[in-house]
Ligand SMILES: Nc1ncnc2c1ncn2[C@@H]1O[C@H](COP(=O)(O)OP(=O)(O)O)[C@@H](O)[C@H]1O
Ligand SMILES: [Mg+2]
């Protein structure tokens, strides 16, 4: 991937850690527990890509279009004007529940629907928040692996640059099966740790893998601000102190 264009993540500190951003046509995973900032980071990346004039598809299994537009606006990111041409928001619910009498039935064709949706896009940037539902619906490790490989193959053939988010297992910095980390080109881990004096929780970010590219091995502190995620400089990492 050497020599390929780097796409800014929209986060200055993360661009420093990745030596310029995400390599074009690579597949990067953001892994972390709930509330660690995966969705926010993916929306911040979306905003940066739109600002750079790229065509984007954002697939969400949790948030509908209205929520995404409203939440983006909260951080100063205006998605609405791009909906005309450069941005496609796609809310796909992985499972539908129907009720017959007292019986609940779970219906899902997500495992076929998601590959179909991505195969139809020509977007330069594809963001999937989150891939966890797709993996959970697979019945075995081998199915999980081949379905994910199939999905990413479609995106690679399209030449898209891909960002996927994945839930980490509780008290771990890995997804339950580890397949996401294994298959993707890069893995960015978001974690929460207790500050030294135990008075607060601090957020940390680390790049654990970035194939074919030079990257930082630092663990940096980050925070949520009114303009999105801010990754602090390595000189400012002091647990419990933001050093701004
Ligand atoms: N402006 C803000 N000020 C403080 N915290 C914020 C702000 N915006 C977001 N957060 C934090 O970000 C978290 C949401 O992150 P989110 O991206 O939804 O996480 P994930 O997708 O990993 O579950 C919230 O739980 C909240 O703690
Ligand atoms: Mg989320």
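Numbering (the working numbering), first residue to last: 932 to 1175. We treat Cβ as the ideally placed atom computed from N, Cα and C, and that holds for glycine.
Can you tell me whether DSSP reads residue 938 as helix, strand or coil? Reduced to three states, the DSSP call for residue 938 is strand.
Do you know whose CA, among 1140, 1094 and 1131, lies nearest residue 1113's CA? 1140
How big is the Cα-Cα spacing for residue 1089 and residue 1152? Roughly 35 Å separates the two Cα atoms.
To the nearest angstrom, report how far apart residue 1052 and residue 1022 are at their CA atoms. Using only the alpha carbons, I get a separation of about 15 Å.
Boundaries of the beta strand (DSSP E) in which residue 1029 is found, first to last residue: Counting along the chain, the beta strand (DSSP E) containing residue 1029 begins and ends at 1027 to 1031.
At what residues does the beta strand (DSSP E) containing residue 1161 begin and finish? 1159 to 1162
Alpha carbon to alpha carbon, how far is residue 1117 from residue 1128? 33 Å
With the cut-off set at 8 Å, would you say residue 1073 and residue 1097 are in Cβ contact? Going by C-beta atoms, residue 1073 is not nearer than 8 Å to residue 1097.
Inter-stretch contact at 8 Å, needing at least 3 Cβ pairs: the segment 1015 to 1032 / the segment 941 to 955: no
Could you please give me the residues that DSSP links to residue 987 through a beta bridge? Per DSSP, the beta bridge partners of residue 987 are 1018 and 1056.
Expressed to the nearest angstrom, what Euclidean distance is found between the alpha-carbon atoms of residue 1077 and residue 1083? Residue 1077 and residue 1083 have their C-alpha atoms some 10 Å from each other.
What would DSSP say about residue 979, mapped onto helix, strand or coil? helix
Using a Cβ-Cβ cutoff of less than 7 Å, which residues in the same chain neighbour residue 1165 once the five nearest sequence positions on both sides are dropped? 1149 and 1151
Please output, in chain order, the residues near ligand 1 using a CB cut-off of less than 5 Å to any non-hydrogen atom of the ligand. Selection output, chain order preserved: 965, 966, 967, 968, 969, 970, 971 and 1155.
May I ask which residues mark the beginning and end of the beta strand (DSSP E) holding residue 963? 958 to 963
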